[in-house]
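Visitor: Sequence order for the protein chains is A and B. Per this note's numbering, the very first residue in the first sequence carries number 2; after that it's consecutive. Per this note's numbering, the very first residue in the second sequence carries number 2; after that it's consecutive. All C-beta atoms in this analysis are idealised placements derived from N, C-alpha and C, irrespective of residue type, glycine included.
Protein chains: 2
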Amino acid sequence: MSDHQPGPVTLLDVATEAGVSMATASRAFNGSTRKVHEDLRLRVLAAASKLNYTANTQAQAMARGRTNVVGLVVHDIADPYFSSIAAGVMQAAMEHQLLVTVGSTMRRPERELDYLASLRGQRSRAAILSGSRVDKPELMEALNKEIHAFERSGGRVVVIGQQRLPVDTIEIQNRGGAKALATELIALGYRRFAILAGPRTLLTARDRFQGFQEAVSKARLPEPVIVNDEFTRDGGYGAMITVLDLKKRVDAVFAVNDVMAVGAMAACRDRGLRLPTDMALAGFDDIETLRDVDPALTTVRLPLADVGATAVELVVTADGPEPRRRRIKGEVIVRASTPRRS
Amino acid sequence: MSDHQPGPVTLLDVATEAGVSMATASRAFNGSTRKVHEDLRLRVLAAASKLNYTANTQAQAMARGRTNVVGLVVHDIADPYFSSIAAGVMQAAMEHQLLVTVGSTMRRPERELDYLASLRGQRSRAAILSGSRVDKPELMEALNKEIHAFERSGGRVVVIGQQRLPVDTIEIQNRGGAKALATELIALGYRRFAILAGPRTLLTARDRFQGFQEAVSKARLPEPVIVNDEFTRDGGYGAMITVLDLKKRVDAVFAVNDVMAVGAMAACRDRGLRLPTDMALAGFDDIETLRDVDPALTTVRLPLADVGATAVELVVTADGPEPRRRRIKGEVIVRASTPRRS
DNA sequence: TTGTACGCGTTATCAG
DNA sequence: CTGATAACGCGTACAA
């Protein structure tokens with residue numbers, strides 16, 4: 002290895018080593034095939050491999066005017082819902098030679114704006130916003146403006162969640178899934194429900210809550226007990242405690258996601274309730290890591306890795322400016338946590 | 002808003018709008034304070050905000066010769082072990098104005114090399130390798146070479162796992178933790194163990210396995226039953242089934258991580274065993290999402306978010322070429338899955 | 001087919 | 001303190 006020079010190996014080094022011009026060296030890598038003589042091409046490739054050359058992505062990006070970076074923005078990467086989506090995104094990105102940068106907003110929706118600006122600074126090819134929208138007009142307006150700026154700088158935006166913005170959207174059928182789940186629980190014989198709803202403003206939580214309630218109303222059953230809390234394990238725990246403290250009669254509890262459901266399970270156990278005998282419980286998402294809790298959780302399965310992959314697919318197939326839409330359905334999975342009621 | 006021009010807003014646009022030179026505009030943003038008159042500075046800032054300007058990171062990187070991107074390479078972002086570390090990395094990165102790009106190797110160690118090359122292409126400020134090392138000399142050699150190239154291009158490498166390479170390392174005390182866990186289990190009255198070991202070549206798995214076994218040997222107890230399998234939930238399930246099929250007497254099972262332990266729990270249930278009555282079970286990591294399984298899992302707690310944060314700290318405090326070392330201790334947490342044996 | 005030279009958006013150097 | 005202008009590494013019209 003002749004690594005006399007300090008610093009990174011550049012295209013010029015490779016060209017010199019191969020005895021050709023930079024242009025030829027450049028073409029050898031990404032030229033529209035057989036535009037460069039095979040022997041020269043091989044010489045360049047050999048030189049590159051000898052020097053262990055890797056093109057400077059930044060410089061390529063500048064010269065080309067675009068990158069292969071896609072930014073993924075999540076609320077919390079440690080939450081299995083988002084890490085599952087992220088896994089799908091990364092898998093698909095790999096197949097398309099794209100790089101993924103991940104930003105975690107720590108559940109502060111306003112930080113999404115900062116990330117988007119940062120992605121714009123990187124001239125990212127696309128931004129995938131996987132966190133649920135929040136129902137705050139001023140935030141939506143700011144986001145809309147930033148999305149506009151992002152697109153103007155040449156990037157594409159994909160939103161996972163609700164169709165509230167004029168961009169490519171992957172619509173997760175939260176409302177429909179929750180409705181189907183409620184219908185199923187009713188068929189199993191449950192009548193008196195409690196809903197551990199997430200934060201009031203989080204659309205995903207709200208859609209699930211409303212879908213569930215809709216089915217309950219339609220069946221002319223008693224109004225469910227509703228408790229709002231964080232969209233996390235601790236939120237589920239707290240909400241469940243609140244429900245129990247109300248001392249109302251409840252047959253079954255619907256937590257608007259699995260993570261909350263697991264928190265609710267812990268709360269029940271801490272209060273001496275046996276599951277599913279004393280209380281039935283259902284969640285939403287079918288998080289893989291949580292499939293082994295006991296009793297196994299009835300839930301609505303979402304193909305989260307596919308959601309991520311679909312987002313990337315939208316990115317790479319983007320052409321016109323018209324927003325496209327993909328629908329993701331949930332599938333009700335009945336397990337031991339909601340046995341048929343005798 | 003006067004957005005007549007198509008395409009991204011550049012520094013020149015801002016400078017023109019503010020009626021100053023590019024140099025001044027540039028300095029207004031990152032000049033070493035009060036080098037530029039306050040009124041001019043304000044004019045520039047106002048113009049920037051009016052045009053919604055965001056500096057092109059790629060161009061900055063080229064001009065400066067370095068970036069604020071740190072690359073994080075994980076085996077599988079959907080695995081809570083890695084997503085917890087990732088969360089720590091992102092949190093700390095945010096505080097230091099760093100961007101994080103994440104690559105998932107899908108548990109194929111050789112893909113680490115590709116990612117490292119890709120990060121070198123990006124001229125990343127640093128690469129954090131969070132996957133455990135694998136005991137394969139040819140891979141280690143290739144990795145060593147790539148790390149060398151990466152450092153030569155100006156980047157810093159931090160490895161989370163074992164001190165096997167001449168780079169900054171966060172050493173997780175797998176061996177010591179497992180040993181302490183075994184000691185604790187022995188004190189609780191367990192005598193006949195099975196170890197659900199991970200893949201033979203994965204150092205993290207091996208260290209935990211060996212640490213546990215060491216304590217058992219030292220106590221002159223019967224040789225544990227050992228089954229190697231994948232480092233995943235399904236691996237734990239399969240290994241547990243194998244153990245049960247051996248029909249040997251076993252009091253307690255040590256799965257080398259929590260995810261495997263949960264798989265083992267499922268296997269026990271499927272075979273009609275009650276936990277912890279018929280079988281005691283312990284894991285490693287203390288994954289947050291799994292803290293609510295029933296019976297609660299005895300394990301070794303690792304401060305995974307801190308691990309990620311420490312990695313970033315090593316990145317930002319890097320100066321000399323001497324590799325530094327940080328030690329992370331595990332803390333044995335005894336829970337219901339391993340009750341005192343009567 | 002190959003080489004020359006310019007441009008991408010910023011920072012940094014050097015005059016004014 | 002401010003303004004030209006030369007890098008930075010690469011892609012690509014354009015010329016040879």
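Taking Ile242 of chain A as part of the beta strand (DSSP E), name the residues at either end of that continuous run.
Guide: Counting along the chain, Ile242 of chain A falls outside any beta strand (DSSP E), though it belongs to the alpha helix (DSSP H) covering Arg234 to Asp246.
Visitor: So does the stretch 139–150 of chain B actually touch the stretch 258–272 of chain B, counting three or more Cβ pairs closer than 8 Å?
Guide: With a cut-off of 8 Å, the stretch 258–272 of chain B and the stretch 139–150 of chain B do not count as touching, because too few Cβ pairs lie within range.
Visitor: Using the rule of at least 16 other Cβ atoms within 10 Å of the residue's Cβ for burial, across every protein chain shown, is Asp4 of chain A buried or exposed?
Guide: Unreliable placement is indicated for Asp4 of chain A, whose pLDDT of 45 sits below 50; the coordinate value is still reported in the next sentence. Exposed, since its Cβ has fewer than 16 Cβ neighbours within 10 Å.
Visitor: Taking only the alpha-carbon atoms, compute the straight-line gap between Leu12 of chain A and Gly32 of chain A and give it to the nearest angstrom.
Guide: Distance between the alpha carbons of Leu12 of chain A and Gly32 of chain A: 14 Å.
Visitor: So if DSSP puts Arg409 of chain B in a beta bridge, which residue, or which two residues, is it bridged to?
Guide: Here chain B covers residues 2 to 343 and nothing more, so residue 409 of chain B does not appear.
Visitor: Going by Cα to Cα distance, which pick from B:Gly199, B:Glu152 and B:Arg270 is closest to Met261 of chain B?
Guide: That would be B:Gly199, whose Cα lies nearest to the Cα of Met261 of chain B.
Visitor: Going along chain B, which residues have a C-beta under 7 Å from Thr58 of chain A?
Guide: Within 7 Å Cβ-Cβ: Gly122 and Gln123.
Visitor: With a threshold of 16 other CB atoms inside 10 Å of the CB of Ser343 of chain B, please say whether the residue is buried or exposed.
Guide: So Ser343 of chain B ends up on the exposed side.
Visitor: Helix, strand or coil, according to DSSP, for Thr300 of chain A in the structure here?
Guide: Strand, per DSSP.
Visitor: Tell me the rounded alpha-carbon separation between Gly190 of chain A and Ser131 of chain B.
Guide: Taking the straight line from one Cα to the other gives about 49 Å.
Visitor: I think Glu172 of chain B touches Arg326 of chain B, with their Cβ atoms under 8 Å apart; what is that distance to the nearest whole Å?
Guide: That belief holds up - the Cβ atoms of Glu172 of chain B and Arg326 of chain B are roughly 6 Å apart, short of 8 Å.
Visitor: With DSSP as the reference, label Ala64 of chain A as helix, strand or coil.
Guide: DSSP places Ala64 of chain A in helix when its eight states are reduced to three.
Visitor: Candidates B:Val103, B:Pro9 and B:Ala64: which alpha carbon is nearest Ser27 of chain B's?
Guide: Minimum Cα distance to Ser27 of chain B is reached at B:Ala64.
Visitor: Quick one, which of A:Lys180, A:Ala297, A:Ile129 and A:Val10 has its alpha-carbon nearest Arg153 of chain B's?
Guide: Ranking the options by Cα distance to Arg153 of chain B, first place goes to A:Val10.
Visitor: Which runs of the beta strand (DSSP E) fall wholly inside the stretch 136–195 of chain A and span at least 3 residues, in chain order?
Guide: Whole beta strand (DSSP E) segments, 3+ residues: 157–162 and 169–173.
Visitor: Ile78 of chain A CB to nearest chain B CB: under 8 Å?
Guide: Chain B, which has a Cβ nearer than 8 Å to the Cβ of Ile78 of chain A, makes this yes.
Visitor: Measuring alpha carbon to alpha carbon, tell me which of A:Arg108, A:Lys180, A:Thr278 and A:Val308 ends up nearest Lys219 of chain A.
Guide: Nearest of A:Arg108, A:Lys180, A:Thr278 and A:Val308 to Lys219 of chain A, Cα basis: A:Lys180.
Visitor: Give the interface partners of Arg270 of chain A over in chain B, defined as CB-CB distance under 8 Å, in chain order.
Guide: Neighbours of Arg270 of chain A on chain B, chain order: Asp295.
Visitor: With 8 Å as the C-beta to C-beta threshold (strictly closer), list the residues of the stretch 102–132 of chain A near chain B in chain order.
Guide: Within the stretch 102–132 of chain A, the residues whose Cβ lies closer than 8 Å to some Cβ of chain B are Thr102, Val103, Gly104, Ser105, Met107, Ala118, Ser119, Arg121, Gly122, Gln123 and Arg124, listed in chain order.
Visitor: DSSP three-state label for Val15 of chain A, please.
Guide: Correct three-state label for Val15 of chain A: helix.
Visitor: Using a C-beta cutoff of 8 Å, does Gly264 of chain B count as contacting chain A?
Guide: Gly264 of chain B counts as touching chain A.
Visitor: Taking the straight line between their C-alpha atoms, what separation do you get for Thr102 of chain A and Val159 of chain B?
Guide: Distance between the alpha carbons of Thr102 of chain A and Val159 of chain B is about 18 Å.
Visitor: Would you mind stating whether Thr257 of chain B and Ala195 of chain B have Cβ atoms separated by less than 8 Å?
Guide: Residue identity differs from the one stated: residue 257 of chain B is Val in this sequence, not Thr. Their beta carbons are not under 8 Å apart, which means Val257 of chain B does not touch Ala195 of chain B by this criterion.
Visitor: On the three-state DSSP scale, how would you describe Phe83 of chain B?
Guide: Of the three classes helix, strand and coil, the one that applies to Phe83 of chain B here is helix, per DSSP.
Visitor: Let me see if you follow: with CB-CB separation under 8 Å, is Ser85 of chain A close to chain B or not?
Guide: Output row for Ser85 of chain A: interface = yes.
Visitor: For a contact meaning CB atoms closer than 7 Å, what does Asn53 of chain B contact in chain A?
Guide: Within 7 Å Cβ-Cβ: Ala150.
Visitor: Look at the alpha carbon of Tyr238 of chain B and the alpha carbon of Leu245 of chain B, and state the distance between them as a whole number of angstroms.
Guide: Cα to Cα, Tyr238 of chain B sits roughly 11 Å from Leu245 of chain B.
Visitor: Which value, in whole angstroms, describes the spacing of the CA atoms of Ser47 of chain B and His38 of chain B?
Guide: Ser is not the amino acid found at residue 47 of chain B; the sequence shown has Ala there. Computed Cα separation, rounded: 14 Å.
Visitor: Assuming Val254 of chain B and Met280 of chain B form a contact by the criterion Cβ under 8 Å, report the distance between their Cβ atoms to the nearest whole angstrom.
Guide: At roughly 6 Å, the Cβ-Cβ gap stays under 8 Å, so Val254 of chain B and Met280 of chain B are in contact.
Visitor: Hey, Ala283 of chain B and Leu186 of chain B: beta-carbon distance below 8 Å or not?
Guide: Yes, the Cβ-Cβ distance between Ala283 of chain B and Leu186 of chain B is below 8 Å.
Visitor: Is the number of C-beta pairs between the stretch 56–72 of chain B and the stretch 51–66 of chain A that are closer than 8 Å three or more?
Guide: With the cut-off at 8 Å, the stretch 56–72 of chain B and the stretch 51–66 of chain A touch.
Visitor: Which term fits Leu247 of chain A, buried or exposed, when burial requires 16 or more other beta carbons within 10 angstroms of its beta carbon?
Guide: When all chains shown are included, Leu247 of chain A counts as exposed.
Visitor: Measuring only the C-alpha atoms, how far is Gln98 of chain A from Arg192 of chain B?
Guide: One C-alpha to the other measures close to 52 Å.
Visitor: Return the residue from the list A:Gly155, A:His149 and A:Arg176 that minimises the CA-CA distance to Gly162 of chain A.
Guide: When only C-alpha atoms are compared, the closest one is A:Arg176.
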